[in-house]
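Counting along the sequence shown from 1, when you hit position 57 you're at 131 in the working numbering, and nothing is skipped either side. Here's the structure, in structure tokens; my notes come after.
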Amino acid sequence: MKWLQKFFCNLRYHLSCLTKVTQQEEHIIISKVLAGNSEAFASLVYACQDLAVITAYNILLNREDAEEIAQDAFVQAYQSLASFKKESRFSSWLYRIVVNKALNKKSIKRHYTIAITETDGGTVAGDLAGDFVFPQGAENRKYIQAALQQLQFNERLCLTLHYLNEFSIPEINQLTNLSQANIKVLLHRGRKNLYGILKSLLKDELTQLKQP
75 MKWLQKFFCN
85 LRYHLSCLTK
95 VTQQEEHIII
105 SKVLAGNSEA
115 FASLVYACQD
125 LAVITAYNIL
135 LNREDAEEIA
145 QDAFVQAYQS
155 LASFKKESRF
165 SSWLYRIVVN
175 KALNKKSIKR
185 HYTIAITETD
195 GGTVAGDLAG
205 DFVFPQGAEN
215 RKYIQAALQQ
225 LQFNERLCLT
235 LHYLNEFSIP
245 EINQLTNLSQ
255 ANIKVLLHRG
265 RKNLYGILKS
275 LLKDELTQLK
285 QP
């Protein structure tokens, strides 16, 4: 499992969401915003925007939808900032909003697609080509994303939430309504499948890694 943690740590490290904004600094910024300095909120946007978009993208596999979800999540977070409980991190709270919005949009689009297929006999082409362009940096970032996109949805969702967003299994249960037992199975199966895909993509670079 350490190999997977290494890959995701590598990805998180090269995102602007890890610009060393501590929980205490988040709370200071929030206090400034609530005191009337609305411009201070931009610091939180800068700190979290990349991972917010990537999280939404790993659920929807659509660049425009992911960016829209992230923007809507920031708007909701700003409007609801007074209700934020400071015992938690703002970033974790924000990513919960992102996940809820993305899952809701995916559900709506799936139902809409089924309805069109059943009534018109056609299909709705989704943006599943993986065209999302990430910031330059981490050497293995493109391989992680390419591999994730080949996983089944629930495997990709659980791996993203657990390793990228660092949510615990109980937290994933609350976000997705998947049982904790099911989440554990999906994480185990997802790790094995991701390993196989990454091994194919990276070839010699993964030959020394121990299979999960």
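All residues carry an ideal CB built from backbone N, CA and C; glycine is no exception. Please read all numbers here as calculations on a predicted model, not as lab measurements.
* **8 Å contact criterion, which Leu225 and Asn267 should meet: CB distance rounded** => At roughly 6 Å, the Cβ-Cβ gap stays under 8 Å, so Leu225 and Asn267 are in contact.
* To do: Please go through the same chain and pick out, in chain order, the residues whose beta-carbon is closer than 7 Å to the beta-carbon of His101, but skip the five residues on each side of it.
  => Lys160
* Asked: For Ala140, does the three-state DSSP call read helix, strand or coil?
  -> helix
* DSSP-derived helix/strand/coil call for Asn111 -> coil
* Asked: Relative to the C-alpha of Ile218, which residue among Gln145, Ser274 and His262 is closest?
  -> Ser274
* 9 Å Cβ cutoff met for Tyr131 and Phe241 -> no
* Touch test, the region 172-183 against the region 99-116, Cβ-Cβ under 8 Å, three pairs minimum -> no
* Asked: Are the region 230-245 and the region 132-140 touching by the rule of at least three beta carbon pairs closer than 8 Å?
  -> yes
* **Straight-line Cα distance separating Lys180 from Gln98** => 34 Å
* To do: Please classify Asn251: is it buried, with 16 or more other beta-carbons within 10 angstroms of its beta-carbon, or exposed?
  => Classification of Asn251: exposed, given that the 10 Å Cβ count is below 16.
* Can you give me the Cβ contacts of Val127 inside the same chain, cut-off strictly under 7 Å, excluding the 5 residues immediately before and after it? => Ala140, Glu141 and Ala144.
* Asked: Of all the alpha helix (DSSP H) runs that stay within the bounds of the region 120-173, which reach a length of 4 or more residues?
  -> 137-153
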